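Report on the structure given below.
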Amino acid sequence: MTIDATRATNILSEHYALFTQASNDNGLLPDTKISMDDLRAVAENSQGQFPAEVVEAAQFLLSSTAARSFLDVGAGKGDVDGTISRADIDGALVTIEAGGLEQALLDTAAGRGGADGYVGGIDLQAAQTDPGIPQSLKDALQQLPPDLPLQTQLRTVFALRNHADDPLATEQLTTLTGSQAFQNLDESRQAQVLALFGGTNAVSAAARLDLITGGIDLNSAASLERYLLTEARPVDKWRDAMPTSGVPDAQRMDYTVGGPETIEYDFPSGTQPNTTERLPALRYTVEVDGQSIEVIVPRELDTGTYSYPTVEQIAKGLAAQPSASLEATDRVVVNPATPQETDANGNVVDSGADMYAGGGTIGINPHDTSNPREQRDFDFTFLHETAHLVDQPWQVAGLAIEWNLAVQRDSVFSTHYADDRYVTSGGSTIDPSLAVDPGEDFAETYMIYHLVKGTPDEAQMRALMPERFEILDRMYG
Numbered sequence: 087m088t089i090d091a092t093r094a095t096n097i098l099s100e101h102y103a104l105f106t107q108a109s110n111d112n113g114l115l116p117d118t119k120i121s122m123d124d125l126r127a128v129a130e131n132s133q134g135q136f137p138a139e140v141v142e143a144a145q146f147l148l149s150s151t152a153a154r155s156f157l158d159v160g161a162g163k164g165d166v167d168g169t170i171s172r173a174d175i176d177g178a179l180v181t182i183e184a185g186g187l188e189q190a191l192l193d194t195a196a197g198r199g200g201a202d203g204y205v206g207g208i209d210l211q212a213a214q215t216d217p218g219i220p221q222s223l224k225d226a227l228q229q230l231p232p233d234l235p236l237q238t239q240l241r242t243v244f245a246l247r248n249h250a251d252d253p254l255a256t257e258q259l260t261t262l263t264g265s266q267a268f269q270n271l272d273e274s275r276q277a278q279v280l281a282l283f284g285g286t287n288a289v290s291a292a293a294r295l296d297l298i299t300g301g302i303d304l305n306s307a308a309s310l311e312r313y314l315l316t317e318a319r320p321v322d323k324w325r326d327a328m329p330t331s332g333v334p335d336a337q338r339m340d341y342t343v344g345g346p347e348t349i350e351y352d353f354p355s356g357t358q359p360n361t362t363e364r365l366p367a368l369r370y371t372v373e374v375d376g377q378s379i380e381v382i383v384p385r386e387l388d389t390g391t392y393s394y395p396t397v398e399q400i401a402k403g404l405a406a407q408p409s410a411s412l413e414a415t416d417r418v419v420v421n422p423a424t425p426q427e428t429d430a431n432g433n434v435v436d437s438g439a440d441m442y443a444g445g446g447t448i449g450i451n452p453h454d455t456s457n458p459r460e461q462r463d464f465d466f467t468f469l470h471e472t473a474h475l476v477d478q479p480w481q482v483a484g485l486a487i488e489w490n491l492a493v494q495r496d497s498v499f500s501t502h503y504a505d506d507r508y509v510t511s512g513g514s515t516i517d518p519s520l521a522v523d524p525g526e527d528f529a530e531t532y533m534i535y536h537l538v539k540g541t542p543d544e545a546q547m548r549a550l551m552p553e554r555f556e557i558l559d560r561m562y563g
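Heads up: the sequence shown begins at 87 in this note's numbering, then just goes up one per residue.
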């Protein structure tokens, strides 16, 4: 049987008492820790009293400084001291279960320091020859471009390791991280680049395709900066990859739909700008998360011209919203036709909004019959629109300025819609004014913050927009 760090940890856990008593190195005192002498005694097995797998585990740990040190500081306390306690083993098992083994192996690969999350240059060097380090990590270490900052090296190693079975992705990442464009970025921007291109999800796959088709000049840091700012659009990539069914039903809150009641309602006019017309309507009530939300639908629908959402689609969309959004929503109104408005030149035109929100109400304009909505449209757009109903940056003293500073520090816009007020058309720099209305960028960030929360994609989005996510953590975390 092949022994690795995971298997060795489980063997030590199962046979802990055998190991602690192997060398009797504590004399008359009870021995409660596994020492180096204990490991040597088990590995030698001079009396033949130890099971084969126990002997193999001891031999493996004696040969691997990285694996042995991982167990030595498994409880997260103190520095490597040559002893392994029951708490160390229990902590190591938690780390393995959480998927943190490889990071932890590198953390003390050289046998020095503690489990502090800091991987030093000597750790990376020691890891290249340690038998306890997985071969995929060793291969990634061999492919590291020279002269990268230490933490960038570590992030690059894991990005390359994640694509050990994908030669094209490995080549793209090696080319990217070895380029002048990447190496001339500061370390925080390098971290964002690796978060975007180095993942295993659809966002990273689409970003790597942009390396081929997106016109990024890898000889120019400015070109890569411009791509990150306004062309990467990670949330657009994420949304495009999501199934049309939207949020998994298991993640929706329980809900009920009551009604309908027949009422009269003042809908926006589909013929006259900025006016309403009273029409017969049906009022449903969606009960979700302790909230009662009205859904108002025209009784007569022009289905020959328009595609309208169903009440069930709306209810499911509401059930996918966080509590803050539901608390701010009183009603959802399905308009009978696209409202009219007057443009800057005085012309009467269709409203350009797909959905809109204000005063506790979400308005839904109908689509053309050739373009019916999918469930994900309600799940995602409701989140954007309810962001206009909850507390927003300009409603909290000083937060608008803090948000705009966060935008400048992140320098990544999530979608094509988020950057409109910050970057001039065709531009590559953010408006330095801190008086920009952050409404749409806030709404797009609020949307993705809640959609990825608790999912494998959260770490990527948080790494791309760390400053804005930190504000949202304070507001809604």
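Glycine residues also receive a C-beta, built at the ideal position from the N, C-alpha and C atoms. Since this is a predicted model, take the numbers as computed values, not measurements.
Assuming the contact rule is C-beta atoms closer than 8 Å, Gly-162 and Gly-186 should be a hit. Round their C-beta distance to whole Å, please. Contact doesn't hold; Cβ gap of about 11 Å is too wide.
Grouping DSSP H, G and I as helix and E and B as strand, with all else coil, what is Phe-499?
Coil, per DSSP.
Note to self: Within 10 Å of its beta-carbon, does Pro-354 have 16 or more other beta-carbons around it, so buried, or fewer, so exposed?
What the structure shows: Around the Cβ of Pro-354, a 10 Å sphere holds 16 or more other Cβ atoms; the residue is buried.
Quiz prompt | Asp-454, DSSP secondary structure in three states | solution = Secondary structure of Asp-454 (DSSP, three-state): strand.
Residue closest to Ile-182, alpha-carbon to alpha-carbon, out of Leu-240, His-249, Gln-135, Ala-94: Measuring C-alpha to C-alpha distances from Ile-182 to each of Leu-240, His-249, Gln-135, Ala-94 identifies Ala-94 as the nearest.
Distance, Cα to Cα, Leu-223 vs Ser-265?
Here the alpha carbon of Leu-223 sits roughly 22 Å from the alpha carbon of Ser-265.
Review point. Using the beta-carbon count (16 or more within 10 Å), is Asp-233 buried or exposed?
Key: Asp-233 is exposed by the Cβ-count criterion.
Inset, instruction - Could you tell me the distance, in whole angstroms, from the CA atom of Asp-296 to the CA atom of Ile-302? - result: Distance between the alpha carbons of Asp-296 and Ile-302 is about 8 Å.
Does the count of Cβ pairs from the region 484 to 498 and the region 426 to 441 closer than 8 Å reach three? Contact fails between the region 484 to 498 and the region 426 to 441, because fewer than three Cβ pairs, one in each stretch, are under 8 Å apart.
* May I ask you to list the residues that DSSP assigns as paired with Val-372? => Bridge partners of Val-372: Val-343, Ile-379.
Those residues which DSSP pairs with Ala-367 across a bridge:
In the DSSP output, where bridge partners are listed per residue, Ala-367 has Ile-349, Pro-384.
Nearest-angstrom beta carbon gap, Ala-549 and Ala-201 [assumed within contact, 8 Å]: Between the beta-carbon of Ala-201 and that of Ala-549 there is about 22 Å, and that puts the pair past the 8 Å contact cut.
task: Only counting runs of 4 or more residues, tell me where the alpha helix (DSSP H) segments fall wholly within the region 159 to 235, in order along the chain.
output: Counting only runs of 4 or more, we get 172 to 183, 187 to 193, 207 to 213, 221 to 228.
Whole-angstrom C-beta distance between Phe-136 and Lys-91, which should lie under 8 Å: For the sequence presented, residue 91 should be read as Ala rather than Lys. Actually they do not touch by this definition, with Cβ atoms about 20 Å apart.
I need the boundaries of the beta strand (DSSP E) containing Tyr-442, first residue and last residue. Bounds of the beta strand (DSSP E) holding Tyr-442 are 441 to 444.
Start-end ranges of the alpha helix (DSSP H) lying completely within the region 102 to 134, minimum 4 residues:
As far as the region 102 to 134 is concerned, its whole alpha helix (DSSP H) runs of at least 4 residues are 102 to 106, 122 to 130.
| request: Taking 8 Å as the threshold, find out whether the region 328 to 337 comes into contact with the region 388 to 398 through three or more Cβ pairs. | output: Touching, no.
- Message: Looking at the strands, I want to know which residues DSSP matches up with Thr-428.
- Response: Val-434.
* Cβ-Cβ separation, Thr-316 to Phe-499 (assumed contact under 8 Å), whole Å -> So it is a contact: roughly 6 Å between Cβ atoms.
Practice task
List the DSSP bridge partners of Thr-88.
Solution key: Checking the DSSP bridge columns, you'll see Thr-88 has no partner listed.
According to DSSP, simplified to helix, strand and coil, what is Val-476? Three-state result, Val-476: coil.
### Query
Apart from the five residues just before and just after Arg-294, which ones in its own chain have a Cβ nearer than 7 Å to its Cβ?
Result list for Arg-294: Ala-255, Gln-258, Phe-283, in chain order.
inquiry  = Which of the three DSSP states is assigned to Tyr-562 in this structure?
reply    = Secondary structure at Tyr-562: helix, using DSSP grouped into helix, strand and coil.
Roughly how many whole angstroms lie between the Cα atoms of Asp-527 and Val-343? For Asp-527 and Val-343, the distance between alpha carbons rounds to 32 Å.
* Contacting residues, own chain, Cβ-Cβ under 7 Å from His-101 (five flanking each side not counted) -> Only residues of its own chain outside the window of five on either side were considered, and among them Val-140 have a CB closer than 7 Å to the CB of His-101, listed in chain order.
| request: Output the distance between the C-alpha atoms of Gln-133 and Val-205, rounded to the nearest integer angstrom. | output: Straight-line Cα distance between these residues: approximately 40 Å.
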